[in-house]
Amino acid sequence: MRKQTYIKTAAASLAAFGLLGAAPAFAAVDSETAYVLNTFSFLVNGALVMWMAAGFAMLESGLVRSKNTATICLKNIALYSIAGITFYLVGYNLMYLDVTGFIGSFSPFWSPDDAEALAGTFADGGYSASSDWFFQMVFVATAASIVSGALAERIKLWSFLGFVVLLTAIIYPIQGSWVWGGGWLAEMGFSDYAGSTLVHSVGGWAALSGAIILGARKGKYGTDGRVHPIPGANLPLATLGTFVLWLGWFGFNGGSVLALGSAASAIEMANVFANTNLAAAGGVVAAMILTQIMYKKVDLTMALNGAIAGLVSITAEPADPSMGMAILIGAVGGIIVVLAVPLLDKLKIDDVVGAIPAHLFAGIWGTIAVAISDAEASFVTQLIGIVAIGAFVLVLSTIFWFLLKVTIGIRVDEEEEVTGLDKAELGLEAYPEFGRGSQTL
Amino acid sequence: MRKQTYIKTAAASLAAFGLLGAAPAFAAVDSETAYVLNTFSFLVNGALVMWMAAGFAMLESGLVRSKNTATICLKNIALYSIAGITFYLVGYNLMYLDVTGFIGSFSPFWSPDDAEALAGTFADGGYSASSDWFFQMVFVATAASIVSGALAERIKLWSFLGFVVLLTAIIYPIQGSWVWGGGWLAEMGFSDYAGSTLVHSVGGWAALSGAIILGARKGKYGTDGRVHPIPGANLPLATLGTFVLWLGWFGFNGGSVLALGSAASAIEMANVFANTNLAAAGGVVAAMILTQIMYKKVDLTMALNGAIAGLVSITAEPADPSMGMAILIGAVGGIIVVLAVPLLDKLKIDDVVGAIPAHLFAGIWGTIAVAISDAEASFVTQLIGIVAIGAFVLVLSTIFWFLLKVTIGIRVDEEEEVTGLDKAELGLEAYPEFGRGSQTL
Amino acid sequence: MRKQTYIKTAAASLAAFGLLGAAPAFAAVDSETAYVLNTFSFLVNGALVMWMAAGFAMLESGLVRSKNTATICLKNIALYSIAGITFYLVGYNLMYLDVTGFIGSFSPFWSPDDAEALAGTFADGGYSASSDWFFQMVFVATAASIVSGALAERIKLWSFLGFVVLLTAIIYPIQGSWVWGGGWLAEMGFSDYAGSTLVHSVGGWAALSGAIILGARKGKYGTDGRVHPIPGANLPLATLGTFVLWLGWFGFNGGSVLALGSAASAIEMANVFANTNLAAAGGVVAAMILTQIMYKKVDLTMALNGAIAGLVSITAEPADPSMGMAILIGAVGGIIVVLAVPLLDKLKIDDVVGAIPAHLFAGIWGTIAVAISDAEASFVTQLIGIVAIGAFVLVLSTIFWFLLKVTIGIRVDEEEEVTGLDKAELGLEAYPEFGRGSQTL
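Residue numbers (the working numbering), protein chains in the order written: chain E, 10 to 450; chain B, 10 to 450; chain A, 10 to 450.
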């Protein structure tokens, strides 16, 4: 088939639907094929979400100083590993099995029910249990990735990983059960398609709590009240990380259709892909224009965070908005980031990579925006969900951070911070041959 | 199933087709399943093409000097964002809707006709309109990415982005309508499967026009007539970018089958994947051997551009050639790059990343090669298409570049070029801790 | 569909299978749809495996010194190109066509039998021949990638590429025919799902042979008997490479189901994805804990190799183990790496990136572990396969390395090694503006 032929097909297709009105006779997807397609969607889209772990690793590697780069790399691969294991041990059951009201089942260990495989049968509209586990698991990891960037350059490695265990085993699954597990917020009608609140704001709240308790990096906020920018060591890596996140987000939002076994679900997934892309584009362009106006220069890191904020903003409802609306929703996300970064600095909350503006603030915006684009969603219910989950995560995170602080401690000592975490905690350097970053900054 | 069992299945399969002659009875793909598969192919392959935007960003980041690296990163994420928005605003309609002769519809804004979703019906052989939009949109972005590399290190940020708007909103869609929109070149029988001419040469012509009008980078061509090579700052990133492009090209060419709803389309897609891979391999090996013979050394950047040239060469017809022919088509592309890079230098056309040889020259070769591998294609018609599109893009690009030059200007001033665009235009450094690139070069 | 609704579907699905016992009536996948799905699985999963070539390139780029970085990039793109061409020329036929006992057909050149496409027919359970070729080809390349890392920083470029030709054209396909081609080991019942032995150990044995014959890098092992660590130049790239490998491994193991045309194969693929992910996670966590205990510090490169070792370990049987068992199998892989790296140093075998522990030793472990998780596999047969393939590869590799050594030589001269291969063999620098790596180390 050649490209030039397809427009005629499209035209015929449009004619058949839009104009003639009468639906053509058609043969429906059979139940086993639907099962295969649903399952394959979870696997392909889930693999794209797993790839976001690499995106966060590169974004954060590029935005920290070279003396802390290897440590942030290690944290990212470790947190992704831990998230998978805790979600297997307790998280999945807490979030999805036998959810009644506020929490699921606390039976440890989870394994797919392979009755399907053994019996050679399957449900219409079903999917492999393992494929669902895989797709849900990569979402937990995303929430943890958000925290690592905000708290970089001064948190202890093992304390951070301890928090990851608590976040992925307890905090994330319990609040997740309230909505995606079918709990009380779902029953109220709270709507969060792929997790502006359930994933991104959760990571953002945990990061905010941690950033306040941990305190700012030495030298970030001068005694004279001035903010001293601490530039990242490797901006092409940060750019790469953002592109990886953008690509992975097609899986994040697209896979959240949770089906591919019908024309309706395929159409929905396609709308999600297009809207996700345009919201990110809107975030980039809005952030660039606003920084040009405000500062007479465009900042690369703001453009990157604009993309992420656009993606987070559309995540609560990527299927319903028109394409033009998706651009606007993303653009507001980009604007939020540009305005919120200096605001956090004013509050002396030191967020190394801008995770709190991009994931928490844009996540709140995106969750509210559902009430604009989706007639079934209620503004009040959306607010209740945002506040309830925010309060839950903030309180639990704060307790956990304090517990870690008073037991094993959460912050490296001042000398280690000056030397850099790579030498102090890992005994190596990320770029041993390039300049002498650890001495100049 | 274990791997060792499959060869028997394959043998049985071959026996059933090749030897027995008589076709086995079979059940055909039903129309809704075909619809889902066609749509999913656009989404998965389109996501791979989107990933090429990251590939260009990394390739170009690696091949510029460190003082211009953040700017090229910003240009790449910005151009991808702009391409999506302009294609939504006007491009898609200009290229595909109601094409009669030379141009489509100029009705602004485009949104998918969701009659399908609402009615729950769908055409046999159809696909979601949004999935097609997504797949076509990522191709526009590719054309713009090609330009950014060639003109790096001296073009003004906003002038470049202004050109991107014109390229993606006007130049690309209009010439695209001539072939893929079903316009006059399609009616003549011009054949360009996935865009050796429509995407890669278009980017190349626009880059050529820009490179001539913009002039060479300061110091590239000495007054003594000698060429001073300006090495890229980060060759592993350039290598990564090439691998990303290679991977993305499976989607670029494979998705251009435009269907996955039948065994015939799946077979075609598989042939496209295999040929695409082997053409790239042929380009690498040919470029390596030729540089070894000509210079007694192998140049990494030539090998990378050999891969890209091989990919561009097979893009005009990746389905029909045998595997051996695909290797040869790609190898010629690799040879073209090695010979054309010094030729451009002789003409003092400064193409920072080798985009013009790899995309324009190899694109012309690939489009001509269709007449060799595809009996239905005519050598004369292919030449008419190449010349018509080349002339159109060259004339329009030149007008646009001049308009930009006399209004907002297109080149940074000499001092800014010496300082580097990162400090001059963005006020930051891509690698603030690594060496002092901006002072040494 | 919204996420909150799906748990009910899952519950209904579980009820239908697990509890009610009686299978619901269902419509099976039709034969053409199965053909399309099988083919598409090879293409999507094969593209992920191709992506592993980029992963190895980045991992190795990050773990060598900056003076040898461009050369390792070139080797990686060249070996992937060569592997494709040799597998087309002879490899595929040697491995899969008319295998009788110890070897397949030696008829040069291979092209897909397109009878299917022409006749418009296809077998039930079949797939496109090209898609299978593509999927098998990327596995050959993986074996070659393993060798390049171990022998980096002192091997001559063209000698290495000469070995790649021999490995991919002769060594890999012949031993591959013994199992996946249906040869004598397959008949014995040797089980290696996706290639712990057939791919990873093969690369490892070839690397071991090469590392011994080539000798250690100058300065690695002091005359005083002490080991001098030679740190890699760019650890974020090594981290990126590991994430790329992890992602690609979903295709490596998942595609090795060799089918997607039934609910059973989709369920198997989903189990493979989940287990592959958890084995890697187990490898990371085990390597981190063990290095913390042994050295009071966590080493990033050990964590990365822990992930790879976990992945290699599960590759021989990713479908059968429970999720908990997958974590354990991977964890043992991680422990093996941490213990084996110093062991190799004690033997003065200089493996630059740790490829031999991660691919050979973990590959042996994974192949043995099949006998634990799969009741049908025999411990003795697994050992026979490991030893037979190991001996074959070791003997042939050693012969080939010696032939290369006495003809064109395999090691750069001492001065070139000190200068770095980039300047000596390519005449360029990977990072011309960053520090002065080649002088400091």
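C-beta atoms are modelled at their ideal positions from N, C-alpha and C, and glycine is treated no differently.
query	result
Within the 8 Å Cβ cut-off, does A:P330 reach chain E?	no
Please classify B:E442 as buried or exposed, where buried requires at least 16 other C-beta atoms within 10 Å of its C-beta.	buried
Going by C-alpha to C-alpha distance, which of A:E434, A:K84 and A:E424 sits closest to A:S4?	Because chain A here runs from 10 to 450, residue 4 of chain A falls outside it and cannot be looked at.
Which residues, in chain order, does the region 48-70 of chain A contribute to contact with chain E at a C-beta distance below 9 Å?	F49, S50, V53 and L57
Per DSSP, E:I164 is paired with what?	E:R420
Touch check for the region 164-182 of chain B and the region 68-85 of chain B: three-plus C-beta pairs under 8 Å?	yes
Mind listing the chain A neighbours of B:I395? Cutoff is C-beta to C-beta under 7 Å, in chain order.	Neighbours of B:I395 on chain A: none; closest Cβ ~28 Å, over 7 Å.
So that I know if they touch, is there some Cβ in chain E lying closer than 8 Å to that of B:F131?	At B:F131, the pLDDT of 49 sits below 50, so the modelled position is not reliable; the number obtained from the coordinates is stated separately. By this cut-off, B:F131 is an interface position.
Around the Cβ of B:E424, are there at least 16 other Cβ atoms within 10 angstroms (buried) or fewer (exposed)?	exposed
Answer yes or no: do B:A367 and B:N314 have a C-beta to C-beta separation smaller than 8 Å?	yes
Note down, one range per segment and in chain order, each alpha helix (DSSP H) of at least 4 residues found wholly within the region 51-128 of chain A.	78-95, 101-105 and 124-128
If you pair each beta-carbon of the region 325-345 of chain A with each one of the region 366-384 of chain A, do three or more pairs fall below 8 Å?	yes
Less than 6 Å between C-beta atoms, sequence neighbours within five positions excluded: which residues of the same chain meet that for E:S200?	V379 and A386
Tell me whether E:K165 is buried or exposed, calling it buried when 16 or more other Cβ atoms sit within 10 Å of its Cβ.	buried
For the alpha helix (DSSP H) containing B:S218, name the first residue and the last one.	V211 to L223
What are the uninterrupted segments assigned as alpha helix (DSSP H) that are 4 or more residues long and contained completely in the region 285-333 of chain E, given in chain order?	309-323
With 16 as the cutoff for other CB atoms within 10 Å, does A:L299 come out buried or exposed?	buried
Measure the alpha-carbon distance for A:S331 versus E:S139 and round it to whole angstroms.	11 Å
Mind checking if A:V271 is an interface residue toward chain E, Cβ cutoff 8 Å exclusive?	In the sequence on display, residue 271 of chain A carries Ser and not Val. By this cut-off, A:S271 is an interface position.
Spatial neighbours of E:R163 within its chain, please: CB distance less than 7 Å, with the 5 preceding and 5 following residues excluded, ordered by chain position.	L223, R226, R420, V421 and E426
Would you mind stating whether B:I365 and B:L353 have Cβ atoms separated by less than 8 Å?	yes
So within the region 361-430 of chain E, which uninterrupted alpha helix (DSSP H) runs reach at least 4 residues, ignoring any that extend past its ends?	371-382, 388-415 and 423-428
Is A:S137 close to chain C? Criterion is C-beta to C-beta, closer than 8 Å.	No chain C appears in this structure, whose protein chains are E, B and A.
In the DSSP assignment, what residue or residues form a beta bridge with E:Y44?	According to DSSP, E:Y44 bridges with nothing at all.
Could you check which residue in A:G429, A:D431, A:V402 and A:T416 has the C-alpha nearest to that of A:S210?	A:V402
Round the Cβ separation of E:A220 and E:Y181 to the nearest angstrom and send it over; I've been treating them as touching at under 8 Å.	Not a contact, Cβ separation roughly 18 Å.
May I ask you to verify whether the region 98-106 of chain A touches the region 261-270 of chain B, counting CB pairs closer than 8 Å and requiring at least 3?	no
If you follow the alpha helix (DSSP H) that E:P245 is part of, which residue opens it and which one closes it?	L244 to G263
How big is the Cα-Cα spacing for B:E125 and E:L309?	Because B:E125 sits at a pLDDT of 43, beneath the cut-off of 50, its placement in the model cannot be relied upon, and the point is left open.
Three or more beta-carbon pairs under 8 Å between the region 229-249 of chain A and the region 65-72 of chain E, yes or no?	yes
Nearest to E:G93 by alpha carbon, out of E:Q145, E:Q391 and E:W258?	E:Q145
Would you kindly check if the distance between the Cβ of A:Y105 and the Cβ of A:G241 is under 8 Å?	no
For chain E, check one thing: does any of its Cβ atoms lie closer than 8 Å to the Cβ of B:I398?	no
Assuming B:N243 contacts A:Y89 (C-beta within less than 8 Å), just tell me the rounded distance between them.	Not quite, the Cβ-Cβ distance comes to about 21 Å (not below 8 Å), so this is no contact.
In whole angstroms, give me the CA-to-CA distance for E:G264 and E:F51.	6 Å
Listed in chain order, which residues of the region 419-440 of chain E have Cβ atoms closer than 8 Å to some Cβ of chain A?	E434, L435, G436, L437, E438, A439 and Y440
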